[in-house]
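The opening position of the sequence shown corresponds to residue 1 in full-length UniProt numbering, with each subsequent residue numbered one higher.
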Amino acid sequence: MEARAVVRGRGICVAALRLIDADGVEALTMRKLAAELNANPMSLYHHVPNKEALLRGVAKLVGSQFRTPEGEDRPWQERLRQLAMDFRALAHRHPNLVAHTFSHPDFIQPGDPFWLELTGTLAAAGVPQREVPRVGAVLCAVFSGLLLTELNGALQRWTTLPPSPAVHGGEEASEVTSADADTLFRRALDAAIVGVESQTAACVAGRGTDGGTSWTSRCRAS
Numbered sequence: 001m002e003a004r005a006v007v008r009g010r011g012i013c014v015a016a017l018r019l020i021d022a023d024g025v026e027a028l029t030m031r032k033l034a035a036e037l038n039a040n041p042m043s044l045y046h047h048v049p050n051k052e053a054l055l056r057g058v059a060k061l062v063g064s065q066f067r068t069p070e071g072e073d074r075p076w077q078e079r080l081r082q083l084a085m086d087f088r089a090l091a092h093r094h095p096n097l098v099a100h101t102f103s104h105p106d107f108i109q110p111g112d113p114f115w116l117e118l119t120g121t122l123a124a125a126g127v128p129q130r131e132v133p134r135v136g137a138v139l140c141a142v143f144s145g146l147l148l149t150e151l152n153g154a155l156q157r158w159t160t161l162p163p164s165p166a167v168h169g170g171e172e173a174s175e176v177t178s179a180d181a182d183t184l185f186r187r188a189l190d191a192a193i194v195g196v197e198s199q200t201a202a203c204v205a206g207r208g209t210d211g212g213t214s215w216t217s218r219c220r221a222s
């Protein structure tokens, strides 16, 4: 009889990620994972109590693969652009897991390298300290939302929908390629950067004696 393998916590997550990449989150079971590891299924529960805990561990493993861009002396716009593109690249390496993770509100944690770099970049952009989490949250929503529609195929479908009958003379829309999706993401990123630039500039220009006014409320009228 073939000997059972000795399993370790990280090895369990690595094997689970391999199965998720191949077949998706829904197809992952503790029994399939045990077979992948050549281990007794019950032995896995010494490390992970259930599938949700396992998925959190796998998400943490993938999050650890994120490498923050080097060069804090670069313009904040370049840092933000590189950060977002690296985030997208990581999502495309593990689309099944990322699509699942994006559906949970805790997919970004305070100590995640991505969040730390994002908030540090926004501070470098001149966003007031107490407004950094709000602006960071909005950017996370924009980037993750766009990525999710790209991963689940919604973006590709939407771009092929016929326009309003009021639009005349336009060419028939074609299916979005990977290069097109990359361009669309970059356009959204450029728009986000311009938004941070303009709102921060408006705040600086309007700064007066009302120092307690928040960044978001001060810029609401701009």
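Virtual Cβ for every residue (Gly too), placed ideally from N, Cα, C.
Could you check what DSSP says for residue i in three-state terms: helix, strand or coil?
{"i": "Val25", "result": "coil"}
{"i": "Ile12", "result": "helix"}
{"i": "Ile108", "result": "coil"}
{"i": "Cys203", "result": "helix"}
{"i": "Glu150", "result": "helix"}
{"i": "Leu19", "result": "helix"}
{"i": "Thr177", "result": "coil"}
{"i": "Gly120", "result": "helix"}
{"i": "Arg187", "result": "helix"}
{"i": "Gly126", "result": "coil"}
{"i": "His47", "result": "coil"}
{"i": "Ser144", "result": "helix"}
{"i": "Pro75", "result": "coil"}
{"i": "Gly208", "result": "Caution is warranted here: a pLDDT of 41 is assigned to Gly208, below 50, making its placement in the model unreliable, and the coordinate value is therefore given only provisionally. Looking at Gly208 - three-state DSSP - the assignment turns out to be coil, as it is neither helix nor strand."}
{"i": "Gln82", "result": "helix"}
{"i": "Phe66", "result": "coil"}
How would you label residue i, buried or exposed, when you count the other beta carbons within 10 angstroms and need 16 or more for buried?
{"i": "Asn96", "result": "buried"}
{"i": "Thr121", "result": "buried"}
{"i": "Ala15", "result": "buried"}
{"i": "Ala205", "result": "exposed"}
{"i": "Leu19", "result": "buried"}
{"i": "Val135", "result": "buried"}
{"i": "Val127", "result": "buried"}
{"i": "Arg81", "result": "buried"}
{"i": "Arg157", "result": "exposed"}
Taking C-alpha atoms, which residue in the options lies nearest to residue i?
{"i": "Ile12", "options": "Trp76, Ala34 and Glu117", "result": "Ala34"}
{"i": "Arg10", "options": "Leu37, Val196 and Lys32", "result": "Leu37"}
{"i": "Arg8", "options": "Gly24, Trp115, Asn152 and Val48", "result": "Val48"}
{"i": "Glu26", "options": "Ser43, Thr160, Lys51 and Leu61", "result": "Lys51"}
{"i": "Arg31", "options": "Asp23, Ala22 and Met42", "result": "Met42"}
{"i": "Val142", "options": "Gly63, Arg187, Leu90 and Gln65", "result": "Arg187"}
{"i": "Phe102", "options": "Leu151, Ala124 and Arg74", "result": "Leu151"}
{"i": "Glu131", "options": "Pro163, Gly24 and Gln199", "result": "Gln199"}
{"i": "Glu197", "options": "Trp76, Trp115, Ala84 and Ser144", "result": "Trp76"}
{"i": "Glu78", "options": "Ala137, Cys203, Phe66 and Val194", "result": "Val194"}
Looking at the secondary structure, which residues open and close the alpha helix (DSSP H) in which residue i lies?
{"i": "Ser164", "result": "Where Ser164 is concerned, there is no enclosing alpha helix (DSSP H), given that its DSSP letter is neither H nor E."}
{"i": "His100", "result": "Pro95 to Thr101"}
{"i": "Ser43", "result": "Pro41 to Leu44"}
{"i": "Thr31", "result": "Reading off the sequence shown, one finds Arg at residue 31, where the question assumed Thr. Counting along the chain, the alpha helix (DSSP H) containing Arg31 begins and ends at Met30 to Leu37."}
One question on the structure: do residue i and residue j come within less than 8 Å of each other, judged by their Cβ atoms?
{"i": "Leu148", "j": "Ala99", "result": "yes"}
{"i": "Leu146", "j": "Phe185", "result": "yes"}
{"i": "Leu118", "j": "Leu90", "result": "no"}
{"i": "Val62", "j": "Leu28", "result": "no"}
{"i": "Pro113", "j": "Thr68", "result": "yes"}
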